[in-house]
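Residue numbers (full-length UniProt numbering): 1 to 1012.
All C-beta atoms, glycine included, are put in the ideal place defined by N, C-alpha and C.
Here the structure is a predicted model, which means the values were calculated and not measured.
Comments concern the structure below.
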């Protein structure tokens, strides 16, 4: 296809470098320097997408980040897929492949468009909520098709081949936006010597000066841009980041920037010097001062048919002509409420196209551009506006009529004009989104008919972002802001030498947002406010009729401002329409809250290098290699790789997990087994107030725990619910070692620090994580004492080394702490040695252990053994709703301690004292061969009509070779009072299994084995 709309000269493109690309399967041609949007316009592509709700044909409207329609899918191969890229911000490169995000079977002939055309009137705001309520049984079917129709582009189904990175920076002054004001601010600050970062989201810096008629120092404005950029590039204290969007403005001048490093070169980043380049980079910048020079977005007028392809912003028309050498049509009609609309008409005419008419809503417009238009013979129809556009996939004609703006009425009849392009201008809205990210509420100014940023500490808004549009004043605001920011950061004030420029004389604009129609808003052909989400003026009016008066509620009911453009074009028009209907002023209605991100950000850029092993690093114990060499199967416990079980080969066949666990369990119960328990959290606690602190965080008493003893403890959150358990050993009068569950180690440490720093800072106590410092080897079983005695210098006799004691000594000639703690119910010793010596001790264990049938066991066996003793696992047998009383652990609660412990007060709440709370019990299936499903629901009557009342669920379930039966732990309503009762467990296949409620301790209820 030839570039039918390309001018023979002009623009900032490189006509010597032709670029071939594909759009919706068609091979097209553009030039280096084009965006995808400008190349599509050059090739005469009118329909680039279908609308979200009604599937109406949509064309390009804008030329920058505010574009709502031209949202495309990039990539050919599956791994290259990138959804929802704005064609107006995507630089053209050789081989680019793009497609529309909506439209089936294709964007030109979309079957859903027929549905939208015929059924659109039956799809008002909120129709989903009103229509799909009945019958309830059909919701799953409704949901399937609603979800299928929702969304824009699609995510890839395979891994992203690219890499991304993060870069942390500090600077004195961050300038966001490199137009006239931003460059002026950067130049002044840069000359002062302070560190400066300048960012701009466009492919090249210069802002609107790249496509304007403005003169600076008697030369084209773009030459001044080149001069300033050349100087800034020579300053070592200045960093220039083009293709970089400031997406989030956070507290204390912390700004996130997204730099598109290779998006303009190819779909995936190339290699450089043998290394893959980062496709995008997130700069995390802490700035002393921020100069907000983000400019302003032009507002379109809202009129019937304003979504038909061929409707443009007036400024976009000029941008495509001057910057890209493209005229998007042949016959133009301009509808405007200000002088800026005339610029598009003059640019259009100067490039050999026909300007049919300018419809100016003002009764007596005056200004330089108005006079120029009249002198060139352009027809200007005053006091009028385009009230309706005709066409389907391209503008065909328009109706222009006189209007009364104050009364919101059409005066007289309309006249029809044939044309193929409409450019509208309703004024400008400062781009203040970033200033709102910190909670600033925009302030309305009647003189500019727009909102300006609120005062944010450390931020200075300049130029268009502050509602300043005259070039001399724009430059002045930039220079003054740069000087002020530099001085506030410690530099000396500079004498400002402003470049020469002339202010264009414009007439006053008129406040026009929605154009009236001959019919009422509800009856007129659709007038679109939010083009991306198909929100019309009638939608907003209907929302107010249905009682939605807050602009935030109107936004959510109509979905105005949702989606990838976040209301950049439509929000002001939408709230102005709401204000008119509600008979309130625009500042009374206010704006919605803008939140990060300013434009969509890829998950890759957010993640950076923090993915895979750098996001969730695999942690290995000091014994990991031994486990690997001996065939261990591993499971993830938190970040740790823990041996799950150790399968052996029996008659050439590798044991199943069931066979291995049975063998390991029997070894522990009958002889001796060994477990690598190094992953248990270990927190060293020291200080004069260490005991007092433990008294406050644990439910039981610690004040009198002597040196050399160990105590089990429960921790509750402030709501009274158990969140972790473990043992703490007294190493010295003011020195303790706390153990936590593996997965909760970091959480518990954070919990201790939180309470110390925020609630009890007067306590002198210090916490240090020593999890990685100490390896823990658990030796357990009837033969444990005999084996350990062979290479340990500690007196292990029962009366010398009692249960819940700890001793220091040497194990295999290595200094060690040995704890008589049991998580299996058997005689057990936890040997703690410095991690570097763990493998030596472990090997000595096995050298001596062969005659005892020493058996390594993994976490699955550990779970079976602990469950047989009724020992809980936090997060498995507790779920954040269990108190110590629910667990049958009243013995671990000290209600008479002098200082209230965390959660104590909550235990007096009526909800906690209910008799029908779920309580921990044991379950024995009537059929001992059955192993109940974990999570299976407990019911009392399997024959009860559906829905069957549920009274609890299974938390842990295993087969016990000791019991030769399946068994389980469960939480059951009033479980402690149901001992001996039968219940039924519902499995996932719909069957019920009968089981008896028993004690949660299945093996050695008196604890005789661990006390030998």
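- Query: I think residue 955 touches residue 934, with their Cβ atoms under 8 Å apart; what is that distance to the nearest whole Å?
  - Reply: Distance from residue 955 to residue 934 at the Cβ level is roughly 7 Å; contact confirmed, criterion being Cβ atoms closer than 8 Å.
- For residue 462 versus residue 181, is the C-beta distance shorter than 8 Å? Yes.
- Message: Considering only their Cβ atoms, is the gap separating residue 451 from residue 432 smaller than 8 Å?
- Response: Yes, these two residues count as a Cβ contact at 8 Å.
- Secondary structure at residue 911, three-state DSSP: helix, strand or coil? Note: residue 911 maps to coil in three-state DSSP.
- Item | Proximity to residue 249 [Cα-Cα], best of 277, 140, 241 and 258 | For residue 249, the nearest C-alpha among the options comes from 258.
- Would you please state the rounded distance, in angstroms, between the beta carbons of residue 530 and residue 574? I believe it to be under 8 Å. With 8 Å as the limit, residue 530 and residue 574 qualify as a contact, their Cβ atoms being about 7 Å apart.
- Item | Run of the alpha helix (DSSP H) containing residue 1052, from where it starts to where it stops | The chain is shown from 1 up to 1012; residue 1052 falls before or after that span and cannot be answered.
- Query: To which residues of the same chain is residue 618 closer than 6 Å at the C-beta, ignoring the five residues directly before and after it?
  - Reply: The answer, listed in chain order, is 641.
- Message: Give me, in chain order, the residues of the same chain whose beta-carbon lies closer than 6 Å to that of residue 216; leave out the 5 immediate sequence neighbours on both sides.
- Response: Excluding sequence neighbours, residue 216 sits near 224, 499 and 501.
- Going by alpha carbons, who is nearest to residue 55 out of 73, 108 and 632? Closest option to residue 55, judged by alpha-carbon separation, among 73, 108 and 632: 108.
- On the DSSP bridge assignment, give the partners of residue 91 in chain order. Answer is 35.
- Which residue comes first and which comes last in the beta strand (DSSP E) that contains residue 716? Its beta strand (DSSP E) spans residues 710-716.
- Could you tell me the distance, in whole angstroms, from the CA atom of residue 307 to the CA atom of residue 278? Near 38 Å, if we compare the C-alpha coordinates of residue 278 and residue 307.
- Identify every residue that forms a DSSP beta bridge with residue 816. The partner list for residue 816 (beta bridge, DSSP) reads 809 and 833.
- Message: Using CA atoms only, rank isn't needed, just tell me which of 649, 871 and 671 is closest to residue 788.
- Response: Comparing alpha carbon positions, the residue from 649, 871 and 671 closest to residue 788 is 671.
- Look up residue 871 in the DSSP assignment and say whether it is helix, strand or coil. Here residue 871 sits in coil by DSSP.
- Quick one: grab the DSSP three-state call for residue 887. Residue state, collapsed to three classes: coil.
- Candidates 757, 767 and 749: closest to residue 734 by CA position: Closest option to residue 734, Cα to Cα, is 767.
- Message: Report the CB separation of residue 246 from residue 199 in whole angstroms; it is logged as a contact under 8 Å.
- Response: With a beta-carbon spacing of about 6 Å, residue 246 and residue 199 fall inside the 8 Å limit used to define contacts.
- Message: Suppose only complete runs of 4+ residues qualify. What are the alpha helix (DSSP H) ranges in the stretch 497-567, listed by chain order?
- Response: Within the stretch 497-567, the complete alpha helix (DSSP H) runs of at least 4 residues are 537-545 and 551-558.
- Chain-order list of residues whose beta-carbon lies under 7 Å from that of residue 924 (same chain, five-residue window excluded): Here the set comprises 965, 967, 995, 996 and 998.
- Out of 516, 130, 759 and 153, state which residue places its alpha-carbon closest to the alpha-carbon of residue 74. Residue nearest to residue 74 within the set 516, 130, 759 and 153 is 153 (criterion: CA-CA distance).
- Message: Relative to the C-alpha of residue 168, which candidate in 702, 608, 944 and 202 has its C-alpha closest?
- Response: Ranking the options by Cα distance to residue 168, first place goes to 608.
- Smallest Cα separation from residue 683: which of 771, 882 and 394? Among 771, 882 and 394, the Cα nearest to that of residue 683 belongs to 771.
- Query: Measuring CB to CB, does residue 971 end up less than 8 Å from residue 952?
  - Reply: Yes, Cβ-Cβ distance for residue 971 and residue 952 is below 8 Å.
- Which runs of the beta strand (DSSP E), 3 residues or longer, sit entirely within the stretch 717-784? Fully enclosed beta strand (DSSP E) runs of 3 or longer: 722-732, 735-740, 766-769 and 774-780.
- Can you have a look at residue 142 and say buried or exposed, based on whether 16 or more other CB atoms are within 10 angstroms of its CB? Exposed.
- Message: For a test of the three-state rule: what should DSSP assign to residue 857, helix, strand or coil?
- Response: Residue state, collapsed to three classes: coil.
- Query: Could you give the uninterrupted runs of the alpha helix (DSSP H) lying entirely in the stretch 665-710, keeping only those of 4 residues or more?
  - Reply: The stretch 665-710 contains these whole alpha helix (DSSP H) runs: 690-697.
- Option in 555, 675 and 913 with minimal Cα separation from residue 862: Cα-wise, what sits closest to residue 862 is 675.
- Let me know the secondary structure DSSP gives residue 479 once reduced to three states. Residue 479 carries a helical assignment under DSSP once its states are collapsed to helix, strand and coil.
- Query: At what residue ranges does the stretch 191-238 contain a whole run of the beta strand (DSSP E), taking only runs of 3 or more?
  - Reply: Runs of the beta strand (DSSP E) inside the stretch 191-238: 196-199.
- Nonlocal neighbours in the same chain, by C-beta distance under 6 Å from residue 183, ignoring five residues either side: Excluding positions up to five away in sequence, the list reads 228.
- Spatial neighbours of residue 679 within its chain, please: CB distance less than 7 Å, with the 5 preceding and 5 following residues excluded, ordered by chain position. In chain order, 621, 637, 640, 642 and 742 place their CB closer than 7 Å to the CB of residue 679, counting only its own chain and leaving out the 5 sequence neighbours on each side.
- Message: Report the CB separation of residue 96 from residue 21 in whole angstroms; it is logged as a contact under 8 Å.
- Response: About 4 Å separates the two Cβ atoms, so the contact holds.
- Item | CB contact flag (residue 222, residue 207, <8 Å) | With respect to residue 207, residue 222 sits apart: the two C-beta atoms are not nearer than 8 Å.
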